[in-house]
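What follows is a short report on a single structure.
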Amino acid sequence: MVITLTRNLAYVIFLLHWASCAYYFIGRQTGDLGPNTWYGQHDKLKNLGLAERYIYTFYWSIVTFATLGYGDLTPFNTVEVIFTIVFVTINIVTWAYILGTITLLVTRQDEEIGQYRDRMQALVSYCDSNNLPGLLRLHMSLQGEATSDEAVLAVFPTSIRRRILRTLYREPLDACYLFQVSRDGAGC
1 MVITLTRNLA YVIFLLHWAS CAYYFIGRQT GDLGPNTWYG QHDKLKNLGL AERYIYTFYW
61 SIVTFATLGY GDLTPFNTVE VIFTIVFVTI NIVTWAYILG TITLLVTRQD EEIGQYRDRM
121 QALVSYCDSN NLPGLLRLHM SLQGEATSDE AVLAVFPTSI RRRILRTLYR EPLDACYLFQ
181 VSRDGAGC
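Right, dumping it as structure tokens:
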């Protein structure tokens with residue numbers, strides 16, 4: 001889950017960086033950041049260094065990505081408008097992807113929780129139907145993950161499996177003639 005969310009964040013940061021650079025590049029190419037570009041429309045931007053210009057274009061990309069559209073750094077010429085339209089379209093697809101992955105993560109987690117609850121309920125039923133002692137139930141609940149006898153027993157370590165089987169079958173085996181120890185100590 002953390003990996004998926006981190007990956008989504010990395011995608012968004014890459015997209016924002018790419019859009020910032022492209023928006024700045026378009027301003028440079030369509031008018032050398034002159035009066036017919038987004039940059040030239042703002043007097044306060046004219047004497048800024050490259051890093052500060054990047055910060056402003058990154059700000060534009062974040063505001064556009066978040067669909068806030070404050071309007072303080074709006075596209076001015078046709079190429080800038082076309083790029084903004086393409087960027088907003090990419091943003092729509094990106095938001096759909098991010099929301100889809102988050103929804104999938106939540107759904108998977110809900111399914112896993114439901115399956116865990118079902119397994120634990122089956123384990124409790126199994127313990128109740130076989131009258132297993134409390135400590136053994138605790139060991140089983142700590143490691144149990146299946147619903148049938150074979151599946152329940154298969155997930156346990158050998159030592160716990162033996163204890164379960166001994167508890168389950170001690171009385172029937174003690175009652176069996178073949179496994180009874182004779183009074184003189186001889187047995188099978």
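Quick note: the sequence shown uses full-length UniProt numbering, first residue 1, plus one each step.
Just so you know, even glycine gets a beta-carbon here, dropped at the ideal spot from N, CA and C.
In this text the structure is predicted, and so the values were computed from the model without any measurement.
Taking the continuous alpha helix (DSSP H) assigned at residue 67, which residues delimit it? As a position in the sequence shown, residue 67 is number 67, starting the count at 1. From DSSP, residue 67 is part of no alpha helix (DSSP H); its letter is neither H nor E.
Counting only the same chain and skipping the five closest in sequence on each side, list residues whose C-beta sits under 8 angstroms from that of residue 64. Sequence index remark: in the sequence shown, residue 64 carries index 64 (1-based). Excluding positions up to five away in sequence, the list reads 19, 84, 87, 88 and 91.
Contact between the region 3-16 and the region 92-103 (3+ Cβ pairs under 8 angstroms): yes
Does DSSP put residue 34 in a helix, in a strand, or in coil? Numbered from its first residue, the sequence shown carries residue 34 at position 34. Coil at residue 34, not helix or strand.
Say whether the region 157-169 touches the region 128-138, bearing in mind that this needs 3 or more beta-carbon pairs closer than 8 angstroms, one atom from each stretch. yes
Where do the ends of the alpha helix (DSSP H) carrying residue 39 lie? On the sequence shown, position 39 is the one that residue 39 refers to. Segment: none, residue 39 is in no alpha helix (DSSP H) and carries neither H nor E.
So residue 60 and residue 11 are supposed to be a Cβ contact under 8 angstroms. How far apart are they, rounded? On the sequence shown, residue 60 is found 60 positions in, with the first residue counted as 1. On the sequence shown, residue 11 is found 11 positions in, with the first residue counted as 1. Not really, about 19 angstroms apart at Cβ, beyond 8 angstroms.
Counting C-beta neighbours from all protein chains within 10 Å, is the total for residue 140 16 or more, i.e. buried, or is it exposed? What you label residue 140 is simply residue 140 of the sequence shown in a count that begins at 1. Residue 140 comes out buried.
Limits of the alpha helix (DSSP H) - the one that residue 120 falls within: In the sequence shown, counting from the first residue as 1, residue 120 sits at position 120. Segment 78-129, the alpha helix (DSSP H) holding residue 120.
Which term fits residue 25, buried or exposed, when burial requires 16 or more other beta carbons within 10 angstroms of its beta carbon? Residue numbering aside, residue 25 sits at position 25 when the sequence shown is read from its first letter. Exposed, since its Cβ has fewer than 16 Cβ neighbours within 10 Å.
So, are the CB atoms of residue 40 and residue 49 less than 8 angstroms apart? Along the sequence shown, read from residue 1 onward, the residue named residue 40 stands at position 40. Along the sequence shown, read from residue 1 onward, the residue named residue 49 stands at position 49. Not closer than 8 angstroms, so no.
CB contact check: residue 67 to chain B, cutoff 8 angstroms: This model lacks chain B altogether; it includes just one protein chain.
Using the C-alpha atoms, what's the distance from residue 125 back to residue 111? Numbered from 1 along the sequence shown, position 111 holds the residue referred to as residue 111. Numbered from 1 along the sequence shown, position 125 holds the residue referred to as residue 125. Roughly 21 angstroms between the two C-alpha positions.
Residue 15 to residue 42, Cα distance in whole Å? Within the sequence shown, numbered from 1, the residue matching residue 15 stands at position 15. Within the sequence shown, numbered from 1, the residue matching residue 42 stands at position 42. Approximately 25 angstroms, taken between the alpha carbons.
Suppose you measure from the CA of residue 17 to the CA of residue 106; what does that come to, to the nearest Å? Mapped onto the sequence shown, residue 17 falls at position 17. Mapped onto the sequence shown, residue 106 falls at position 106. Rounded to the nearest angstrom, the two C-alpha atoms are 29 angstroms apart.
Where does the unbroken alpha helix (DSSP H) through residue 169 begin, and where does it stop? Along the sequence shown, one-based indexing puts residue 169 at 169. Start and end: 158-175.
Is residue 47 helix, strand or coil by DSSP? Counting from one through the sequence shown, the residue named residue 47 turns up at place 47. Coil.
On the criterion of 16 or more Cβ atoms from any shown chain inside 10 Å, does residue 73 qualify as buried, or is it exposed? Taking the first residue of the sequence shown as 1, we reach residue 73 at position 73. Result: buried.
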